[in-house]
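Trainee:
2 protein chains.
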Amino acid sequence: MRHALRQDRPAAEDPAALRRPGRPRTADDEAIAGAVLQALVERGYDGMTVEDVARRAGVGRATLYRRWPTKTAMVIDALGRGRFPPPEDPDSGDARADFLSLLRTVQATFQREHHVMRALQLEVARHPEIGVALSRDFVPERLDVLIGVLGRAAAGGLLRAPSDVELLAQVGPALIWQHLALLTNEPDPDLPQRITDLIFTDRPEPRRRNR
Amino acid sequence: MRHALRQDRPAAEDPAALRRPGRPRTADDEAIAGAVLQALVERGYDGMTVEDVARRAGVGRATLYRRWPTKTAMVIDALGRGRFPPPEDPDSGDARADFLSLLRTVQATFQREHHVMRALQLEVARHPEIGVALSRDFVPERLDVLIGVLGRAAAGGLLRAPSDVELLAQVGPALIWQHLALLTNEPDPDLPQRITDLIFTDRPEPRRRNR
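Respectively, the protein sequence lines represent chains A and B. Following the working numbering, the numbering of the first sequence begins with 23 at its first residue and continues without gaps. Following the working numbering, the numbering of the second sequence begins with 23 at its first residue and continues without gaps.
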């Protein structure tokens with residue numbers, strides 16, 4: 023029924039291919055993820071329909087129903103799959119440099135996806151289950167990368183506040199998002215470095231100078 | 023022309039009273055501020071009209087045109103006047119306690135006004151001039167209260183990262199907002215204390231123990 027759109031996506035032309043087990047799903051998954059987030063930004067969570075997402079992605083509705091039990095699950099999965107991959111830990115041996123590099127990735131991602139993030143912030147107010155799903159199925163995997171780097175930094179005595187690394191890991195993303203979302207759409211190029219300086223000690227040695 | 027609505031607000035019944043210099047403006051200002059923010063949340067920045075705000079506030083359109091040169095100026099003024107008054111610095115002599123108390127106020131304000139803040143975050147993407155106005159005419163006055171407390175704490179040697187107090191002052195609001203806006207509408211009661219512990223040293227003395 024969607025021949026006009028299917029033609030744009032040769033890989034999905036054979037409907038049977040969509041259901042073949044073991045078939046690499048990446049192309050479809052990416053198309054669906056893109057469609058879900060586009061629909062979310064344009065129509066909002068309440069306005070987006072499975073019909074609409076299926077049409078945008080060039081897949082059948084059954085594919086969506088089969089793959090996700092709820093609309094929330096579909097949105098969260100689309101976020102993780104498409105445009106918010108967990109950042110990669112450089113693990114270069116220099117925790118401070120790794121942290122700075124991760125913050126720059128976070129800033130670039132937030133900048134690129136700010137429309138999706140703004141839409142999400144709006145929807146969490148209307149649909150608390152989205153916030154619950156984000157807290158459970160989305161944020162931890164991404165925060166863990168930052169927590170890992172800060173854990174190494176803490177072990178090396180590089181952190182000013184090593185006792186609550188979990189909260190500390192949220193400081194960078196929170197400051198970057200607040201700056202971007204509330205004050206300007208332009209990322210502040212100095213911000214990742216300033217945040218790193220705030221969190222890491224001035225000297226790499228664990229022993230601190232007394233004043 | 024708005025007699026039906028004017029009748030609800032006896033103070034504004036005499037149009038001349040609106041223009042009388044020296045007249046205490048508080049009641050009108052509050053009504054206008056409430057109307058502006060309500061219109062913003064319900065209709066969005068593009069959808070809100072001076073006509074609509076005037077009707078909701080029970081004042082004449084001329085009053086609004088006379089008072090604010092632009093819609094952005096009206097919104098920013100409404101924010102500051104109505105529901106986001108600059109928090110008061112307790113200045114109790116205990117900077118740590120003052121900071122904690124301010125963070126609790128910030129959390130309560132963000133929780134109460136989250137609809138307005140979500141709407142603003144959405145509008146900044148569409149209307150960069152709102153972000154500019156927030157950065158220039160709204161945020162600094164509020165941040166200054168936190169910067170003041172942290173400045174006293176830095177002088178007392180109570181901060182882990184005393185070198186960038188301006189950025190440090192943004193950490194609390196950013197973490198509180200991120201938690202509230204993205205993850206859940208329920209404020210985390212432990213968060214202000216955890217943030218304080220992250221920012222303040224463990225001991226009130228400036229001299230630190232070496233490990």
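Every residue gets a Cβ at the ideal spot worked out from N, C-alpha and C, and that includes glycine.
For the stretch 145–161 of chain A, which residues have a beta carbon sitting closer than 8 Å to at least one beta carbon of chain B?
Mentor: Taking 8 Å as the Cβ-Cβ cut-off against chain B, the residues of the stretch 145–161 of chain A that qualify are Val146, Ala147, Pro150, Gly153, Val154, Leu156, Ser157 and Val161.
Trainee: Under the rule that 16 or more other beta-carbon atoms within 10 Å means buried, what is A:Asp224, buried or exposed?
Mentor: That one is exposed.
Trainee: With respect to the alpha helix (DSSP H) encompassing A:Ser114, which residues constitute its N-terminal and C-terminal limits?
Mentor: Where A:Ser114 is concerned, there is no enclosing alpha helix (DSSP H), given that its DSSP letter is neither H nor E.
Trainee: Specify the secondary structure class of A:Leu86 as computed by DSSP and reduced to three states.
Mentor: Helix at A:Leu86.
Trainee: Looking at chain A, is there any beta carbon in it that lies within less than 8 Å of the beta carbon of B:Ala61?
Mentor: Answer no: the Cβ-Cβ gap between B:Ala61 and chain A never drops below 8 Å.
Trainee: Measuring straight from C-alpha to C-alpha, what distance separates A:Pro162 and A:Ile152?
Mentor: So the alpha carbons of these two residues sit roughly 15 Å apart.
Trainee: A:Phe121 and A:Leu172: beta carbons closer than 8 Å?
Mentor: Yes.
Trainee: Can you pull the chain B residues whose beta carbon is under 7 Å from the beta carbon of A:Gln192, in chain order?
Mentor: Residues of chain B passing the Cβ test: Leu197 and Gln200.
Trainee: The alpha helix (DSSP H) with A:Asp74 in it runs from where to where?
Mentor: It spans Val72 to Ala79 - the alpha helix (DSSP H) in which A:Asp74 sits, taken as one unbroken run.
Trainee: Can you pull the chain B neighbours of A:Gln143, defined as C-beta to C-beta under 7 Å?
Mentor: The answer, in chain order, is Arg140, Gln143, Ala203 and Leu204.
Trainee: Within a Cβ cutoff of 8 Å, which residues of the same chain sit near B:Val187, ignoring the five residues on either side of it in sequence?
Mentor: Excluding residues within five positions, the ones whose Cβ falls inside 8 Å are Ile169, Leu172, Gly173, Ala176 and Leu181.
Trainee: Which residues of chain B have a Cβ atom closer than 7 Å to the Cβ of A:Asp186, listed in chain order?
Mentor: The answer, in chain order, is Arg216, Asp219 and Leu220.
Trainee: State the DSSP-derived secondary structure class of B:Phe121, mapped to helix, strand or coil.
Mentor: Helix.
Trainee: Of the residues A:Ile54, A:Gly69 and A:Ala55, which one's Cα is nearest the Cα of A:Glu145?
Mentor: Out of A:Ile54, A:Gly69 and A:Ala55, A:Gly69 has the C-alpha closest to the C-alpha of A:Glu145.
Trainee: In the DSSP assignment, the alpha helix (DSSP H) including A:Arg182 goes from what residue to what residue?
Mentor: First-last for A:Arg182: undefined, no H or E at that position.
Trainee: Which residues of chain B have a Cβ atom closer than 7 Å to the Cβ of A:Arg126, listed in chain order?
Mentor: Near A:Arg126 there are no residues of chain B at all, since even the closest Cβ is about 16 Å away, more than 7 Å.
Trainee: Tell me A:Phe222's beta-bridge partners as DSSP assigns them.
Mentor: Beta-bridge pairing links A:Phe222 to A:Leu181.
Trainee: Classify A:Thr85 as buried or exposed, calling it buried when 16 or more other Cβ atoms lie within 10 Å of its own Cβ.
Mentor: The residue in question, A:Thr85, is buried, as its Cβ has 16 or more Cβ neighbours within 10 Å.
Trainee: Determine the contact status of A:Leu190 and B:Leu220, defining contact as a CB-CB distance below 8 Å.
Mentor: Yes. Within cutoff.
Trainee: Flag this pair as yes or no: are the beta carbons of B:His136 and A:Ala55 separated by less than 8 Å?
Mentor: No. Outside cutoff.
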